[in-house]
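Trainee: In our numbering, the protein residues as written are 111 to 396.
1) Is the segment 134-146 close to the segment 238-257, with three or more CB pairs under 8 Å?
2) Rounded to whole angstroms, what is the Cα-Cα separation between residue 353 and residue 164?
3) Return helix, strand or coil for residue 346, following the three-state DSSP convention.
4) Secondary structure at residue 189, three-state DSSP: helix, strand or coil?
5) Using a Cβ-Cβ cutoff of less than 7 Å, which residues in the same chain neighbour residue 268 once the five nearest sequence positions on both sides are dropped?
6) Below 8 Å between beta carbons: does that hold for residue 309 and residue 215?
7) Alpha carbon to alpha carbon, how far is residue 190 from residue 338?
8) At 4 residues or longer, what runs of the alpha helix (DSSP H) sit wholly inside the segment 189-269?
9) Under 8 Å, do residue 371 and residue 380 count as touching if we go by C-beta distance?
10) Give me, in chain order, the residues of the same chain whose beta-carbon lies closer than 6 Å to that of residue 209; leave out the 5 immediate sequence neighbours on both sides.
11) Would you call residue 275 buried or exposed, if buried means 16 or more other Cβ atoms sit within 10 Å of its Cβ?
12) By a C-beta neighbour count over all protein chains shown, 10 Å radius and 16 as the cutoff for buried, is residue 327 buried or exposed?
13) Entirely within the segment 323-370 and at least 3 residues each: give me those beta strand (DSSP E) ranges in chain order.
14) Give me, in chain order, the residues of the same chain whose beta-carbon lies closer than 6 Å to that of residue 385; leave out the 5 immediate sequence neighbours on both sides.
15) For the alpha helix (DSSP H) containing residue 312, list its first residue and its last residue.
16) Reducing DSSP to helix, strand and coil, say where residue 155 ends up.
17) Whose C-alpha, out of 312, 270, 355, is nearest the C-alpha of residue 70?
18) In its own chain, which residues sit with a C-beta less than 8 Å from the C-beta of residue 334, not counting the 5 before and 5 after it?
19) Is it right to say residue 157 is buried, meaning 16 or more other beta carbons lie within 10 angstroms of its own, or is it exposed?
20) State buried or exposed for residue 330, treating a residue as buried only when at least 16 other CB atoms are found within 10 Å of its CB.
21) So is residue 336 buried or exposed if we call it buried at 16+ other beta carbons inside 10 Å?
22) Spatial neighbours of residue 383 within its chain, please: CB distance less than 6 Å, with the 5 preceding and 5 following residues excluded, ordered by chain position.
23) Suppose you measure from the CA of residue 393 to the CA of residue 361; what does that come to, to the nearest Å?
24) With distances taken from CA atoms, which of 343, 289, 281 is nearest residue 369?
25) Whole angstroms is fine: what's the gap from residue 378's alpha carbon to residue 292's?
26) Determine the closest residue to residue 250 out of 318, 289, 265, with distance taken between C-alpha atoms.
27) When we look at the beta-carbon of residue 200 and count the other beta-carbons within 10 Å, is it buried (16 or more) or exposed?
28) According to the Cβ coordinates, are residue 301 and residue 218 closer than 8 Å?
29) Could you spell out the range, first to last residue, of the alpha helix (DSSP H) harbouring residue 316?
As structure tokens, then:
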């Protein structure tokens, strides 16, 4: 009996070691691919925040009557900040979302294509769910890099200083990690829900609407005059990314309660991870 228990224990340890090595191997493989394509990756994550910051925080303030063209900038000024201060958390949320989706959904379109490259991954000694989890985790690392890249752009480009004050570093770290994982889970859900040839259409039909309705370029509190819209956007997970970063980086501006932000980020992360892994398993076994 004791010998049987010992054998089972050794088998369990051996299996965990095998899983750990296989998981690390997938991470290293993806890291090598990322390093080989580092230039396009940096261009992809920097272009959107660069253009928005340049136009809305540098060009428009230098135009005659530029502030009148931007009601959100007037609102920011009323609170003692600048539009760059309002825009920074939202642009970080967009960088996280786009990077996470692109890191998962776009490769899946190719891997689930005619060549079925995904079969190479699932042949490694890992459960199918662990292969999907690796994609989410690796995309989260890319999203964190993309979010960090927004800071130097926000420091040098705006014509007025961007005021950032972090009073709770734990909350900031929690929001960044949850938002990055959520973006990867969203990418997995999208990538396993549509056919490879339709993945480009999804960016226009799904990604762009949830971006503009995700409280990226304005605080959620600013939607109070349009009550139906303020309530409607609560089904958008990007709202909680933007509001979470706004609460962590610019607490003087209006934002949602921190507990609600963390709760909803966890809810959408669990929901999209479940949907994504379910779809991933279905596509792999089909």
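The C-beta atom is built at its ideal place from N, Cα and C for all residues, glycine as well.
Mentor: Looking at the atomic coordinates:
1) Of all C-beta pairs linking the segment 134-146 to the segment 238-257, three or more are shorter than 8 Å, placing the two stretches in contact.
2) Straight-line measurement puts the Cα of residue 164 at about 22 Å from the Cα of residue 353.
3) Judged by DSSP in its simplified three-state form, residue 346 adopts coil rather than helix or strand.
4) Any reading at residue 189 must be qualified, since the residue scores a pLDDT of 48, below 50, and its modelled position is unreliable; the value itself is stated next. In the structure shown, residue 189 sits in coil (DSSP, three-state: anything other than H, G, I, E or B).
5) If you ignore the 5 residues before and after residue 268, its C-beta comes within less than 7 Å of the C-beta of 163, 167, 168, 192, 194, all in its own chain and listed in chain order.
6) In this structure, residue 309 lies near residue 215, with their beta-carbon atoms less than 8 Å apart.
7) Note that residue 190 scores a pLDDT of 49, beneath 50, so its modelled location is shaky and nothing firm can be said.
8) Within the segment 189-269, the complete alpha helix (DSSP H) segments of 4 residues or longer fall at 193-221, 228-232, 238-266, listed in chain order.
9) No, the pair does not count as a contact, with Cβ atoms beyond the cut-off.
10) The answer, listed in chain order, is 155, 252, 253, 256.
11) So residue 275 counts as exposed.
12) A buried status is given to residue 327, since no fewer than 16 other beta-carbon atoms sit within 10 Å of its beta-carbon.
13) List check, beta strand (DSSP E) in window: nothing returned.
14) Residues of the same chain with a CB within less than 6 Å of the CB of residue 385, apart from the 5 flanking positions on each side, are 299 in chain order.
15) Following the DSSP letters along the chain, one finds residue 312 inside the alpha helix (DSSP H) bounded by residues 309-312.
16) Reduced to three states, the DSSP call for residue 155 is helix.
17) Absent from the structure is residue 70, since the part of the chain shown begins at 111 and ends at 396.
18) Short of 8 Å from the beta carbon of residue 334, and not among the five residues preceding or following it, lie these beta carbons of its own chain, in chain order: 340.
19) Exposed, by the Cβ-count rule.
20) So residue 330 ends up on the buried side.
21) Residue 336 counts as exposed, since fewer than 16 other beta carbons sit within 10 angstroms of its beta carbon.
22) Counting only Cβ-Cβ distances below 6 Å, and skipping sequence neighbours, we find 295.
23) For residue 393 and residue 361, the gap between their C-alpha atoms comes out near 43 Å.
24) With distances taken between Cα atoms, residue 369 lies closest to 281.
25) Their Cα atoms are separated by approximately 7 Å.
26) Of 318, 289, 265, the residue nearest in Cα terms is 289.
27) With 16 or more Cβ atoms within 10 Å of its Cβ, residue 200 is classed as buried.
28) For residue 301 and residue 218, yes; Cβs fall inside 8 Å.
29) Neither: residue 316 is in no alpha helix (DSSP H) and is coded neither H nor E.
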